[in-house]
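I have placed the structure first, in the form of structure tokens, so that the comments after it can refer back to it.
Protein chains: 2
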Amino acid sequence: MSPSAETRPPSEARARLLGTATKIFYSEGIHSVGIDRITAEAQVTRATLYRHFSGKEDLILAYLDQADRGIRAQVAAAVSGTPSAAGQVRAVARSIVDGIRSPGFRGCAFLNAVAEYPDPEHPVHRAVLAHRQWFLDTVTGLLARVGEGRAPVDAAGRHLVMLRDGAMAAGCLFDPELISETFLHGVEGVLRDVSEKSSA
Amino acid sequence: MSPSAETRPPSEARARLLGTATKIFYSEGIHSVGIDRITAEAQVTRATLYRHFSGKEDLILAYLDQADRGIRAQVAAAVSGTPSAAGQVRAVARSIVDGIRSPGFRGCAFLNAVAEYPDPEHPVHRAVLAHRQWFLDTVTGLLARVGEGRAPVDAAGRHLVMLRDGAMAAGCLFDPELISETFLHGVEGVLRDVSEKSSA
DNA sequence: AGCGAGGTAGAACGTTCGGTCTTGTCGTGC
DNA sequence: GCACGACAAGACCGAACGTTCTACCTCGCT
């Protein structure tokens, strides 16, 4: 799973490198920033970068891996901090709008990355697909516990992910406040659907 | 408005150039393809490209402008071919899923482009915002005629655009058929919302 | 004391980038 | 008949790309 399995163990320089890469890749894109930008900003020489990562692609994968871990932790925190199933879905939704509303928000790191790597065979593209599959499964699992029963929970999960994708994509192109409001409203609709359908 | 206002009039070579740029930019991204790829595939020399466009950026803007015209025509056709307001919304939605289901679908050209140009001041970014504003206004206008009255049609328009964005983003990452189904279902929900609220 | 891992510093590799320029050749309109 | 616009072909530019290299330093360990 770990994309940098064959590279060096953690170190101060490596952490600085990955942190800088995360910041720059997320805010400016991937193809448009070069190795030099990252090494300069991380105050590290090129040799150091290539000691910890096998190349730029490896650094990109490490960036996405870190983003993936962050989101998983964020979802886990939202879920563990709430007892009811519907409350868990709302907590996840709230964590999403928190991101959209935060200052440096530049959309979904994975959707942005996949826009630059359309080739389905490319490791970066694959990493995005894997993350998205996990998210869909997780959300669908939460919804299944809201509408306990044989409600069409798969469709509801896809609906919720579609709303999330739209909100994340538009969150840095429109007023984040309006996007958040629209998204939360949509989430309530999905919750209503799942509850109604399962009680029918 | 026209991004290539100061460049040459149409010609066979120019059309070939723009067509090739459209195909390649859309399917492979923008930053990752160079001038040489486009000129080679269009069977045109660099000199010819720079005779018709002031540079790569101008070509990108022409590409987006062409995509914008295409979508406007597509929406206009959907609207003009349907009498009822709700039918027009459904026709637009259908034209969207037609795109998602078509073979070479690679997501929204504008969302993909803006992922590569995060700087809000950049002309490419601005072109994307302009297109999106037009689309939101258009969709909101259609919804206003569905719920004739003072229904919260702005929120419904944002909701519909959010669904579209999510569908376009995921359409090339998941099963297009399921995405289309989910999207059309969501559109019906928006239509129901607008109709109910206005009749209340 | 000595060794190696991890780091800095910086030159250099070959390639590709976007962009300019020159030269020659068609075809059309004046 | 000839000048001009459109295009082909390709050399050329400076810069940036990702990558590799040598050389030196400085810790922590044994």
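In the order they appear, the protein sequences are chains A and B.
Residue numbers for the first sequence, in the UniProt record's numbering: 1 to 200.
Residue numbers for the second sequence, in the UniProt record's numbering: 1 to 200.
Just so you know, even glycine gets a beta-carbon here, dropped at the ideal spot from N, CA and C.
Cutoff 8 Å: residue i Cβ touching any chain A Cβ
i                      : result
residue 170 of chain B : yes
residue 166 of chain B : yes
residue 180 of chain B : no
residue 41 of chain B  : no
residue 189 of chain B : yes
residue 132 of chain B : yes
residue 114 of chain B : yes
residue 14 of chain B  : no
residue 72 of chain B  : no
residue 192 of chain B : no
residue 61 of chain B  : no
residue 64 of chain B  : no
residue 18 of chain B  : no
Cβ-Cβ distance between residue i and residue j below 8 Å
i                      : j                      : result
residue 167 of chain B : residue 111 of chain A : no
residue 57 of chain A  : residue 118 of chain A : no
residue 97 of chain B  : residue 88 of chain B  : no
residue 147 of chain B : residue 139 of chain B : no
residue 93 of chain A  : residue 184 of chain A : yes
residue 175 of chain B : residue 165 of chain A : no
residue 35 of chain B  : residue 46 of chain B  : yes
CB-CB length for residue i against residue j, believed under 8 Å
i                      : j                      : result
residue 100 of chain A : residue 180 of chain A : 5 Å
residue 109 of chain B : residue 73 of chain B  : Going by Cβ atoms, the distance from residue 109 of chain B to residue 73 of chain B rounds to 15 Å, so no, they are not a contact pair.
residue 116 of chain A : residue 31 of chain A  : 5 Å
residue 38 of chain B  : residue 62 of chain B  : Between residue 62 of chain B and residue 38 of chain B the Cβ distance is about 12 Å, and since that is not below 8 Å, they are no contact.
residue 44 of chain B  : residue 17 of chain B  : 6 Å
residue 81 of chain B  : residue 91 of chain B  : 6 Å
Beta carbon proximity, residue i to chain B, threshold 8 Å
i                      : result
residue 126 of chain A : no
residue 186 of chain A : yes
residue 173 of chain A : yes
residue 27 of chain A  : yes
residue 256 of chain A : The structure shown does not extend to residue 256 of chain A, since chain A spans only 1 to 200, so no value can be given for it.
residue 32 of chain A  : yes
residue 183 of chain A : yes
residue 94 of chain A  : no
residue 44 of chain A  : no
residue 57 of chain A  : no
residue 158 of chain A : yes
residue 21 of chain A  : no
residue 163 of chain A : yes
residue 111 of chain A : yes
residue 155 of chain A : yes
residue 101 of chain A : no
residue 118 of chain A : yes
residue 196 of chain A : no
residue 106 of chain A : yes
residue 49 of chain A  : no
Contact set for residue i: own chain, Cβ-Cβ below 8 Å, skip 5 residues either direction
i                      : result
residue 106 of chain B : 26, 27, 112, 172
residue 136 of chain B : 157, 158, 161
residue 128 of chain A : 64, 110, 111, 113, 114, 117
residue 182 of chain A : 167
residue 71 of chain A  : 131, 135
residue 177 of chain A : 101
residue 188 of chain B : none
residue 126 of chain A : 120
Contacts around residue i, its chain only, beta-carbon distance under 7 Å, and the 5 residues preceding and following it disregarded
i                      : result
residue 156 of chain B : 143, 190, 193, 194
residue 186 of chain A : 163
residue 41 of chain A  : 20, 24
Sequence-distant residues of its chain with Cβ nearer than 6 Å to residue i (five each side left out)
i                      : result
residue 48 of chain B  : 13
residue 33 of chain A  : 24
residue 95 of chain B  : 74, 78
residue 5 of chain B   : Because residue 5 of chain B sits at a pLDDT of 40, beneath the cut-off of 50, its placement in the model cannot be relied upon, and the point is left open.
residue 145 of chain B : 85
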